[in-house]
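Quick note, the working numbering runs 162 ahead of the 1-based positions in the sequence shown. Glycine residues also receive a C-beta, built at the ideal position from the N, C-alpha and C atoms.
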Amino acid sequence: MARPWQTLIRNALLFDGSGAPPRREDVAVAGRQIAVRGASLDSARAEQVIDGEGQWLMPGLMDIHTHLDLEVELAPGLPESVRHGTTTVVVGNCSLGTAFGAQRRDGEDPILDCFTRVENIPKSVLRKVVDRIDWTTTAGYLEHLAQLPLGPNIVPLLPHSMLRIEVMGTAAAVSREPTSEELLRMGRLLEDAMGQGYAGFSTDAIPFHYLANAPHSDKRIPAQHATLGELRALLAVVRSHDRVWQCTPDASNRVATFLRFFLTSGRLFGRPLRTSALTAVDLAHERNTWKLFPLIAGLLNSRLVNGRFHFQVLATPFRMFAEGAICPIFEEFESSRQLMACDIEDVDARRRTMATDAFGNLFVREWHDAGAVSTFNRDLDALTVERCPVTEWQGETFGAILRRLREFQSHHREAARSPAEAEALAAFPNPIEREGAFLLHLVRRYDRELRWWFTVANDRPEILEKLLFHRHMLPGFNDSGAHLINLAFFDGNLLTLQVAQRHSIERVALAVRRLTREPAEFFGVDAGRLEPGAQADLVLVNPEALSRYDTDANRRMVYRDIFEHQQLVNRSDGVVTGVFIAGEQVWDGREFTAALGTRPLGRPLTAGPAAAAAEAARVA
Numbered sequence: 163m164a165r166p167w168q169t170l171i172r173n174a175l176l177f178d179g180s181g182a183p184p185r186r187e188d189v190a191v192a193g194r195q196i197a198v199r200g201a202s203l204d205s206a207r208a209e210q211v212i213d214g215e216g217q218w219l220m221p222g223l224m225d226i227h228t229h230l231d232l233e234v235e236l237a238p239g240l241p242e243s244v245r246h247g248t249t250t251v252v253v254g255n256c257s258l259g260t261a262f263g264a265q266r267r268d269g270e271d272p273i274l275d276c277f278t279r280v281e282n283i284p285k286s287v288l289r290k291v292v293d294r295i296d297w298t299t300t301a302g303y304l305e306h307l308a309q310l311p312l313g314p315n316i317v318p319l320l321p322h323s324m325l326r327i328e329v330m331g332t333a334a335a336v337s338r339e340p341t342s343e344e345l346l347r348m349g350r351l352l353e354d355a356m357g358q359g360y361a362g363f364s365t366d367a368i369p370f371h372y373l374a375n376a377p378h379s380d381k382r383i384p385a386q387h388a389t390l391g392e393l394r395a396l397l398a399v400v401r402s403h404d405r406v407w408q409c410t411p412d413a414s415n416r417v418a419t420f421l422r423f424f425l426t427s428g429r430l431f432g433r434p435l436r437t438s439a440l441t442a443v444d445l446a447h448e449r450n451t452w453k454l455f456p457l458i459a460g461l462l463n464s465r466l467v468n469g470r471f472h473f474q475v476l477a478t479p480f481r482m483f484a485e486g487a488i489c490p491i492f493e494e495f496e497s498s499r500q501l502m503a504c505d506i507e508d509v510d511a512r513r514r515t516m517a518t519d520a521f522g523n524l525f526v527r528e529w530h531d532a533g534a535v536s537t538f539n540r541d542l543d544a545l546t547v548e549r550c551p552v553t554e555w556q557g558e559t560f561g562a563i564l565r566r567l568r569e570f571q572s573h574h575r576e577a578a579r580s581p582a583e584a585e586a587l588a589a590f591p592n593p594i595e596r597e598g599a600f601l602l603h604l605v606r607r608y609d610r611e612l613r614w615w616f617t618v619a620n621d622r623p624e625i626l627e628k629l630l631f632h633r634h635m636l637p638g639f640n641d642s643g644a645h646l647i648n649l650a651f652f653d654g655n656l657l658t659l660q661v662a663q664r665h666s667i668e669r670v671a672l673a674v675r676r677l678t679r680e681p682a683e684f685f686g687v688d689a690g691r692l693e694p695g696a697q698a699d700l701v702l703v704n705p706e707a708l709s710r711y712d713t714d715a716n717r718r719m720v721y722r723d724i725f726e727h728q729q730l731v732n733r734s735d736g737v738v739t740g741v742f743i744a745g746e747q748v749w750d751g752r753e754f755t756a757a758l759g760t761r762p763l764g765r766p767l768t769a770g771p772a773a774a775a776a777e778a779a780r781v782a
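In structure tokens:
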């Protein structure tokens with residue numbers, strides 16, 4: 163006789179996503195759904211019994227900012243997210259995505275144009291994706307996702323830059339305002355997407371997001387050329403469907419950013435607009451900035467404004483890696499933007515640019531410009547070498563190396579710790595008087611052979627916890643599929659749990675809610691529940707392993723065959739001991755099962771009436 167349950171998880175401490183204190187309960191899975199939960203369920207009724215003693219059991223975690231639009235086409239199982247307990251991801255972030263297909267028209271290649279520099283992804287990787295795209299409409303994209311052997315569920319946003327390109331073409335989208343007819347068409351396409359169940363609309367205003375290809379490589383991505391009037395018109399559509407606006411700030415114009423945030427207001431526009439904004443951080447070089455985020459969000463959500471606004475928060479120190487001058491925030495400098503305009507793999511073009519006096523003079527001047535907008539701390543003692551041909555420098559700060567260089571140039575040759583270091587120090591211009599000249603020499607001489615890192619933000623645990631658990635914030639901004647060699651925050655959700663664990667079990671219950679039910683409700687999708695009838699997306703976590711987990715020690719560069727390229731990833735093996743998607747186990751704590759990436763488990767999660775229709779069709 164067939165057993166009614168395929169899996170029974172027993173004796174785990176269960177967090178159901180509601181925020182209620184955990185209870186020791188069993189959970190039975192039948193088909194794609196949770197069949198029943200309760201105490202001491204009959205193990206004889208299950209085909210597979212998993213002992214969850216000493217483990218936490220919770221709904222699958224949700225990652226609200228991923229840029230996984232590209233990886234899902236090459237590896238729809240999304241294993242680097244799954245191994246950290248993520249079972250639902252939001253795509254189409256920051257105005258970029260593939261909702262309209264490849265959009266290759268009139269010699270344009272918009273996905274390469276937009277993604278190469280913004281997300282620091284080589285064109286060779288991007289072409290692998292674009293060459294296989296066969297849909298041309300937003301409805302076609304949803305149909306395509308439904309046919310993939312998805313691991314995690316996919317929550318799509320409609321991206322503003324791609325919407326502009328769809329209606330105007332790339333050249334016009336970065337050079338002029340839309341005509342009244344074009345704006346009307348953008349509104350109709352957005353209306354169609356909302357009717358199809360897209361969870362919202364993403365825009366972008368980060369000032370160093372540039373197109374990659376000539377003749378537009380000195381232009382910011384299309385969304386940044388939209389006027390406030392265009393934005394208001396499009397957001398009226400989003401507001402009418404009660405969907406989400408995901409936006410980013412313009413750090414160079416904080417007043418304009420603050421005023422745009424008021425578009426969330428129900429007082430001004432008749433109905434609150436769900437708004438998810440990047441990002442609340444504790445900047446390493448501006449120690450009081452973090453205090454502004456709760457104040458801004460509190461004002462926007464007050465009765466006076468009547469908004470529905472939250473900031474996304476990254477649950478870990480924001481460590482960014484650079485290879486030479488290849489780093490997203492180097493787009494802040496006019497000089498290094500010239501380097502970023504070259505493809506990551508085009509070494510010759512980058513070296514030709516760096517070799518010119520014009521580049522060198524501008525780079526040094528910008529490095530010392532105290533009035534320039536800068537995301538990172540330019541203190542050389544805050545910049546640490548990870549890899550370099552001069553092995554003595556590995557693990558040292560640039561500041562320490564510079565001090566030894568100056569000692570060496572002051573006729574103290576014994577300052578060099580080896581013949582190899584002496585040779586490297588002797589190659590510097592003599593004397594090195596300015597820090598910018600020191601860094602210029604390093605990037606010129608070593609290019610990508612010099613890999614270094616720095617902490618942008620979130621290096622004070624007590625402040626980070628305040629942001630993570632503030633009622634106007636949500637954990638997010640993991641950027642999981644972006645910046646292949648620069649960032650690795652796949653484990654961001656686990657780190658939220660770890661921060662909570664250090665406080666109390668009640669705080670863990672709150673963290674689970676903020677990683678599951680709360681974002682699911684905010685985006686209006688069916689996820690984040692652990693109750694009978696819900697899709698069986700489940701995660702088992704070992705709390706002892708979680709308490710010991712060190713993200714810095716478990717970050718590494720791996721070669722991924724799907725990209726034919728290196729990627730910076732995290733390895734939290736042993737922390738997450740089991741992941742189930744739609745009732746199928748896909749991770750057992752050590753390795754992936756055969757189900758991941760071979761069978762359709764996750765699904766495109768739509769919002770509104772479309773969500774109900776999709777669910778009815780799925781059940782039928």
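Contacts around residue i, its chain only, beta-carbon distance under 7 Å, and the 5 residues preceding and following it disregarded
{"i": "L223", "result": "G247, T248, T249, N655, L677, T678 and V701"}
{"i": "P551", "result": "Y608 and E611"}
{"i": "K290", "result": "L236"}
{"i": "F651", "result": "L476, T478, N640, D641 and S642"}
{"i": "F570", "result": "A577, A578 and L587"}
Assigned exposure category for residue i - 16 Cβ within 10 Å defines buried
{"i": "T260", "result": "buried"}
{"i": "P591", "result": "exposed"}
{"i": "L390", "result": "exposed"}
{"i": "S110", "result": "For the chain, the structure presents residues 163 to 782; residue 110 sits outside this window and is missing."}
{"i": "D366", "result": "buried"}
{"i": "G193", "result": "exposed"}
{"i": "R279", "result": "buried"}
{"i": "V738", "result": "buried"}
{"i": "A782", "result": "Because A782 sits at a pLDDT of 41, beneath the cut-off of 50, its placement in the model cannot be relied upon, and the following sentence gives the value as read from the coordinates. Exposed."}
{"i": "Y721", "result": "exposed"}
{"i": "D688", "result": "buried"}
{"i": "R107", "result": "One cannot answer for residue 107 here, as it falls past the ends of the chain, which runs 163 to 782."}
Own chain residues within Cβ distance below 6 Å of residue i, not counting five before or after
{"i": "G557", "result": "none"}
{"i": "I226", "result": "V252, G638 and P681"}
{"i": "F480", "result": "V618, A619 and N620"}
{"i": "F495", "result": "E528"}
{"i": "V287", "result": "F725 and H727"}
{"i": "I368", "result": "T410"}
{"i": "P812", "result": "With the chain covering 163 to 782 only, the question about residue 812 has no answer from this structure."}
{"i": "R613", "result": "E485, E548 and R549"}
{"i": "V605", "result": "G486 and A487"}
{"i": "G764", "result": "L312, G313, P314, N315 and I743"}
{"i": "A190", "result": "W167, L170, A197, V198 and L203"}
{"i": "T760", "result": "P311"}
{"i": "R669", "result": "A662"}
Sub-9 Å separation of residue i and residue j beta-carbons
{"i": "A385", "j": "R422", "result": "no"}
{"i": "P321", "j": "S243", "result": "no"}
{"i": "V317", "j": "A361", "result": "yes"}
{"i": "K381", "j": "S323", "result": "no"}
{"i": "G331", "j": "R436", "result": "no"}
{"i": "D641", "j": "T228", "result": "yes"}
{"i": "R718", "j": "N732", "result": "yes"}
{"i": "L425", "j": "L393", "result": "yes"}
Own chain, CB closer than 8 Å to residue i, minus 5 neighbours either side, in chain order
{"i": "D444", "result": "T451, W452, A619, N620, D621, R622, I625, L626 and L629"}
{"i": "V741", "result": "G222, V244, R245, G247, T249, L700, V701, L702, Q747, V748 and W749"}
{"i": "A182", "result": "A671"}
{"i": "L352", "result": "L320, L325, F363, L396, V399 and V400"}
{"i": "R780", "result": "Summary for R780: the model assigns pLDDT 45, below 50, so the residue's position carries little reliability; its value from the coordinates is reported in the next sentence. Excluding residues within five positions, the ones whose Cβ falls inside 8 Å are R765."}
Check: residue i C-beta below 8 Å from any heavy atom of the ligand COA
{"i": "V526", "result": "Inclusion of the ligand COA in the displayed structure is not the case, the ligand content being empty and no account of it being possible."}
Proximity test, Cβ basis, 9 Å: residue i and chain C
{"i": "G179", "result": "No chain C is present in this structure, which holds just one protein chain."}
Original post:
Is the number of C-beta pairs between the region 609-622 and the region 508-527 that are closer than 8 Å three or more?
Top reply: yes
Original post:
Counting Cβ pairs, one atom from each stretch, are 3 or more of them under 8 Å apart for the region 163-172 and the region 196-206?
Top reply: yes
Subject >> Completely contained alpha helix (DSSP H) runs for the region 615-663, where each covers 4 or more residues >> reply: 623-630 and 654-663
**OP:** Within the region 346-408, note down every full alpha helix (DSSP H) run reaching 4 residues or more, in order along the chain.
**Re:** 390-402
**OP:** Report the residue ranges of all alpha helix (DSSP H) runs contained in full by the region 167-242; include only those spanning at least 4 residues, in chain order.
**Re:** 233-236
Subject >> Within the region 672-735, ranges of the alpha helix (DSSP H) (whole runs, at least 4 residues) >> reply: 679-685 and 705-710
Subject >> Touch test, the region 428-435 against the region 469-483, Cβ-Cβ under 8 Å, three pairs minimum >> reply: yes
Subject >> Complete beta strand (DSSP E) runs within the region 247-318 (minimum length 3 residues, chain order) >> reply: 248-253
**OP:** Mind the definition here: the region 491-508 touches the region 453-465 only if three or more C-beta pairs lie below 8 Å; say whether that holds.
**Re:** no
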